[in-house]
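Trainee:
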Amino acid sequence: MLLTVVIFLPLVAAGALLAARRLSGRAAIGLWVAVSAVDLALVGWMWWRFEPGEGASGVVDGLAYEVDLQWIPTVDAGYRIGVDGLSLPLLALTGVLFLACAIYSLREPDRPHTYAALFLFLQTACLGTFASLDLILFFVFFDLSIVGMYFVIAGWGHGNARRSALKFFLYTFIGSLALLVGFIGLFLGSEERTLRDMVALAENPPLADCPVAGGLVLLAIGLGLAVKTPLFPFHTWLPDAHTDAPAAGSAVLAGILLKLGTYGFVRIAMPILPEAWQRWAMVAVVVGVISVLWGAFVALAQIDVKRMIAYTSVNHMGYVLLGLGSAGLVASADEGARTVATVGAMYQMVSHGLLTGALFLLSGVLWSRGRTYAFDRWGGLARPAPVFAACLAVAAFGSLGLPGFSGFIAEFQVFTGALQAAPVATVLAVVGILVTAGLFLLALQRLLTGDTVVPSETDPDETGEGPASERTDGGTAIATQPRTATRMADLRGHEVASIVPLLVLALVFGVLPRALLDVLEPAAMAVVELVSR
Amino acid sequence: MSGGGERVLALLPELLLLLGAVGGLLLGLWTPQHRQWRVRLLVTVACLASAVAAAVALPKPAERVFEGTWVVDTTTGVVRIVIALGVAVLVWLASASLAGHPRETEAYVLMLLGGLGSVALAASGDLLLLVAAYLLASVPLYALAGFAKDSAGVEATMKYYLMGAFVGVLILVGVAALVLAAGTTGYLDLAALLPDAPPALLAVGVLGVLAGVAFKAGAVPVHFWVPDVTAGTTPPMAAYITTIPKVGAVAAAFRLLAEPFADVPLDVPLLVAVIAAASMTLGNLAAFNQTDVLRLLAYSTVSQVGYLFMVVAVAARTDLAVPALAIYLAGYAVTNIGAFAAVAAAPGARTITDWATAIGRHRWLVVSLVVCLLGLVGTPPTAVFVGKLAVFAAAWDGGLAWLVVVAAINTVASLFYYLRWIAPAATGVAASESTAAAARGTEPGTFAGTAQRVVIEPVVVLHTAAVVSLLLGIWSGVWLAVLLPG
């Protein structure tokens, strides 16, 4: 019941916001912040009461806060939700990041009611996806998150927002339908004809004696999740969607929505199709490594801050797949190594959510000050905006995997676990770290050091996100051509209050990883055991 | 009536519709022009009574009355309820443009009769009854299509009538061939005798009969009338023509595949699967570049029929088919009526841009439209999503996995043109190519001042449809349990 409240509280608040048109804009955002804070507090309470269990626990047992109701009897789908070590960290991450976005958007001037309502709707969709223990319910929330994000990008984006939103919707919708086809395959392949139960399906994996069908179903599911994650050949929607989305939208998109894909791999693909996952684990490893390298090198070439951050997301999600793929290479690695790789992959999800969320919010600060993300329009920001510079430096160092931050713990574990199973791939992926480090340092140099260069405040009639802002070379979102100035306002109170906690959390999880590992490890062990059947 | 007097009551829902039609006509004769709303009321009451009677009869075991010509089972029951409620809603949707019209009563009565014909299509267990139902579901619609008596409407009627007459000949040829082959017209006898019939005769029969139901459903290759009729007539009539007969015709096709054509030595399911794939693909492709909202919706209904025919193809092969058909029919009817109601709410607006401009400030209207259009795509948790899920599962279970993949790809493609309507409506800026240049220099807010009057009845229908579509989806378990016990 508590979990249901956590999931639907934001939705109820969204409905209330839409109905209460009289409320002032500031009050609407205030309500949004309050609801997000309450929701986060409830998730915190759930975490406090959660018993991770001894040994392998999660996925098929040790589920807390379960609710199980009949929904569509013909396909035996139900409203079944619950929490285990896999989903709890991501639920908490969702709570944290949405609260940060709410605080960051305190001064949103453009249709604040609808904006807040959309984000609250999105929060329900994301929480619901992570908490679902039913394939159809998972799909329902998964799709709703796409719908919500579409309107955020189309309605509040800048640059070529409408086109990017359409691209985002089409890509991820194709992915979700591939996912649906895969789910129907699972439904028809399972002995008891059930969609209701990820737990039952994981206990008694369908299509076990039919490798071809199992492979095809895994292909459909993997395709759907790969688009969402996104992995190498399907990542092309990501930079556009990120660049043109509003800052809070980008933070949620990168921080939470990408995790829906990787979470799907851990929750659905691996436990329910263990045999197929083992058979095709090498493909996951290879795709992961390609994503790592591709994301890193393409990010290196970007001349636009936000696009660069977007491509590093592809890179970071590649590590997750590398870890999950090597967890499936049962023959060539012992159980300890595979568990470490899985834990690392899941740690990376949380870590990436915090750090990339912070990075996108920081890039949003740049946009709000100068309406451009182009590297060559900014420089020497450390002098006029020291707090901004400090936050950006911390986020960038955290993101490149500096020891002391959560990213290091995650990547270290992924590499340690994967080295035994896939040595070549791991060595190649380490190169990715090097490139990422280089590109973040380069970005810091360009933005923070040297002579101060700041695009001046733009003319009032050009600041609107009307059709005037057009993309000329297809790469950058330069809306206007303002003159150069030397002043930049530093972070304001609400921006500090939204960004700094994310960085602090990344630091805490980097220094005291046990807090998270205690919850993650039993679940990861359970996943590894299920995969190695 | 060899079945005896008590069995007449098995047809109570249909009798109520007929009584409503006749009573409405008589009442209209003795009612002054400005009080014709009485007829509307009577017709609505008849529809609601019919729906209630059908709902009461639904849990009873399936039976065949009047020497097996009229089948009363779950499919018929669902179609009865959907059509009765649909006609009731559409009468009110049409009332906005019909009130005070010199032929107001006639329109309502024709709508009721067309609904009766559609129910008969779904219920018929005999080829001759099928032909009669085909005519009853066609003739009133010809009149309704051209009801406004303007040039577009007359052209629409002509096209519809000529096409209908042509296909009517085909269906008669088909029936004749089947009668020649088997010597009987009852579905159950045909099911027993057709497997041994000469294949050539059988092929002619199957093709002819299927052409008839495909025409009423608006499936490829006999779909040409759909866009012209939809765009030529008024939005409420377009909603009627693309909803009511389609529901009946798909149910008729379902029964044909499940009973007489189940064991014939031809691969009828494959033929229907190809029709389904062609309908959804061509419908979607044709809808891509439409700027006229009615034409866009018309092609969208063609593609929707494609998804419905998926379940028709596997009618005889899987137990999942009947519930899938029931969910999808109900969901489609609700959502489609809602989408057309959105058009009717701004009657002057024909293109997407006009529409977005006309509804300007009405935010909730846009929300409901988004629910309906995304519902047509099959986005959860709307009714069509549950229907699509059930249909996909049924088709895969019936051995047509390739069709599921085609349908999934088509669903994505369909998203594209629905978004072309949603995007300008939701974000409030003109996006269509023709006006993009004009809008370039202006602020987005300029259009708000030009917002037109929005008609009230369609708005109510639109909101209701959106809510019902969501409720049907979210509580599909509850109403399916009531509908399909066991």
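Listed in order, the protein sequences are those of chains R and W.
Just so we're aligned, residue 1 is where the first sequence starts under the numbering used here, counting upward by one.
Just so we're aligned, residue 534 is where the second sequence starts under the numbering used here, counting upward by one.
Just so it is clear, CB atoms sit at the ideal spot from N, CA and C, and this is done for glycine as well.
It should be emphasised that the depicted structure is a prediction, and the values quoted were computed from it without experimental measurement.
What residues of chain W sit near W237(R), judged by a beta carbon separation below 8 Å?
Mentor: Near W237(R) there are no residues of chain W at all, since even the closest Cβ is about 13 Å away, more than 8 Å.
Trainee: Tell me whether Q445(R) sits in a helix, a strand or coil according to DSSP, three-state version.
Mentor: Q445(R) falls in the helix class under three-state DSSP.
Trainee: Report yes if the C-beta distance between A857(W) and V937(W) is below 7 Å; otherwise report no.
Mentor: Not a contact, by the Cβ cut-off of 7 Å.
Trainee: How is W563(W) classed by DSSP in three states: helix, strand or coil?
Mentor: Reduced to three states, the DSSP call for W563(W) is coil.
Trainee: Is the CB of L354(R) under 7 Å away from at least one CB in chain W?
Mentor: With 7 Å as the cut-off, L354(R) does not count as an interface residue toward chain W.
Trainee: Below 8 Å on the Cβ atoms is my contact criterion, and I expect P89(R) with A202(R) to pass it. Report the Cβ-Cβ distance as a whole number of Å.
Mentor: Not really, about 19 Å apart at Cβ, beyond 8 Å.
Trainee: When you check each C-beta in the segment 1002 to 1018 of chain W against every C-beta of chain R, which residues fall closer than 7 Å?
Mentor: From the segment 1002 to 1018 of chain W, only S1009, G1010, L1013 and A1014 have a Cβ closer than 7 Å to chain R.
Trainee: Between the Cα of L668(W) and those of T690(W), V604(W), L649(W) and A831(W), spot the shortest distance and give me the residue it belongs to.
Mentor: When only C-alpha atoms are compared, the closest one is L649(W).
Trainee: Could you work out which residues of chain W lie near L170(R), taking near to mean beta carbons separated by less than 7 Å?
Mentor: Simply V945, L948 and F949.
Trainee: Apart from the five residues on each side of it in sequence, which residues of its chain come closer than 8 Å, Cβ to Cβ, to W45(R)?
Mentor: Around W45(R): L2.
Trainee: On the three-state DSSP scale, how would you describe D852(W)?
Mentor: DSSP places D852(W) in coil when its eight states are reduced to three.
Trainee: What does D800(W) reach in chain R if we use C-beta pairs closer than 9 Å?
Mentor: None at all; the shortest Cβ gap to chain R is about 22 Å.
Trainee: For I989(W), count the other beta carbons within 10 Å of its own beta carbon; 16 or more makes it buried, fewer makes it exposed. Which is it?
Mentor: Flag for I989(W) reads exposed.
Trainee: Interface residues of chain R around A736(W) at Cβ under 7 Å?
Mentor: Under the 7 Å cutoff, chain R gives no residues; its nearest Cβ is about 32 Å from A736(W).
Trainee: Under 7 Å Cβ to Cβ from L829(W), same chain only, skipping five residues before and after it: list those, please.
Mentor: Taken in chain order, the residues that qualify are A820, Q823, Y950 and W954.
Trainee: Tell me the rounded alpha-carbon separation between V431(R) and Q837(W).
Mentor: In a straight line, the C-alpha of V431(R) is about 50 Å away from that of Q837(W).
Trainee: Based on DSSP bridge pairs, tell me the residues matched to S132(R).
Mentor: I81(R).
Trainee: Is there a Cβ from chain A that is less than 7 Å from the Cβ of L952(W)?
Mentor: Protein chains in the displayed structure are R and W, and chain A is not among them.
Trainee: Quick one: is F699(W) buried, meaning 16 or more other Cβ sit within 10 Å of its Cβ, or exposed?
Mentor: With fewer than 16 Cβ atoms within 10 Å of its Cβ, F699(W) is classed as exposed.
Trainee: Can you confirm whether F405(R), when its beta carbon is compared against all beta carbons of chain W, has any partner nearer than 7 Å?
Mentor: Chain W, which has no Cβ nearer than 7 Å to the Cβ of F405(R), makes this no.
Trainee: Reducing DSSP to helix, strand and coil, say where P455(R) ends up.
Mentor: DSSP places P455(R) in strand when its eight states are reduced to three.
Trainee: With DSSP collapsed to three states, give me the class of A64(R).
Mentor: Residue state, collapsed to three classes: strand.
Trainee: Alpha carbon to alpha carbon, what distance is there between I174(R) and R946(W)?
Mentor: In the sequence on display, residue 946(W) carries Ala and not Arg. So the alpha carbons of these two residues sit roughly 9 Å apart.
Trainee: Could you compute how far the alpha carbon of I885(W) sits from the alpha carbon of V826(W)?
Mentor: One C-alpha to the other measures close to 6 Å.
Trainee: Give the interface partners of V35(R) over in chain W, defined as CB-CB distance under 9 Å, in chain order.
Mentor: Neighbours of V35(R) on chain W: none; closest Cβ ~20 Å, over 9 Å.
Trainee: Note down, in chain order, each residue of its chain lying with its Cβ closer than 7 Å to the Cβ of I146(R), except the 5 sequence neighbours on either side.
Mentor: The residues are F169, T172, F173 and S176.
Trainee: Of all the CB atoms in chain R, is at least one closer than 7 Å to the CB of A627(W)?
Mentor: Not one chain R Cβ lies under 7 Å of A627(W).
Trainee: Using DSSP with H/G/I as helix, E/B as strand and the rest coil, what is T884(W)?
Mentor: T884(W): strand per DSSP, three-state reduction.
Trainee: Say whether the segment 722 to 737 of chain W touches the segment 800 to 819 of chain W, bearing in mind that this needs 3 or more beta-carbon pairs closer than 8 Å, one atom from each stretch.
Mentor: Because the criterion of three Cβ pairs below 8 Å is not met, the segment 722 to 737 of chain W and the segment 800 to 819 of chain W do not touch.
Trainee: In chain order, which continuous runs of the beta strand (DSSP E) of length 3 or greater are located wholly inside the segment 573 to 612 of chain W?
Mentor: If we require 3 residues or more, the beta strand (DSSP E) runs fully inside the segment 573 to 612 of chain W come out as 596 to 598 and 603 to 605.
Trainee: Grab me the residues of L137(R)'s own chain with a C-beta within less than 8 Å of its C-beta, minus the 5 sequence neighbours each way, in chain order.
Mentor: The residues are W71, A77, G78, Y79, R80, I81 and G128.
Trainee: Would T912(W) count as contacting chain R if we go by Cβ distances under 7 Å?
Mentor: Taking Cβ atoms only, chain R reaches closer than 7 Å to T912(W), which makes this a yes.
Trainee: Quick check on Q566(W): buried or exposed, where buried means 16 or more other Cβ atoms within 10 Å of its Cβ?
Mentor: Exposed, since its Cβ has fewer than 16 Cβ neighbours within 10 Å.
Trainee: Measuring alpha carbon to alpha carbon, tell me which residue in L392(R), L448(R) and L273(R) is nearest G182(R).
Mentor: Residue L273(R) is the option with its Cα nearest to G182(R).
Trainee: Are G58(R) and A526(R) touching if we call contact CB-CB under 7 Å?
Mentor: Taking 7 Å as the Cβ cut-off, G58(R) and A526(R) qualify as a contacting pair.
Trainee: How many angstroms separate the CA atom of A859(W) from the CA atom of A784(W)?
Mentor: Whole-angstrom Cα-Cα distance: 9 Å.
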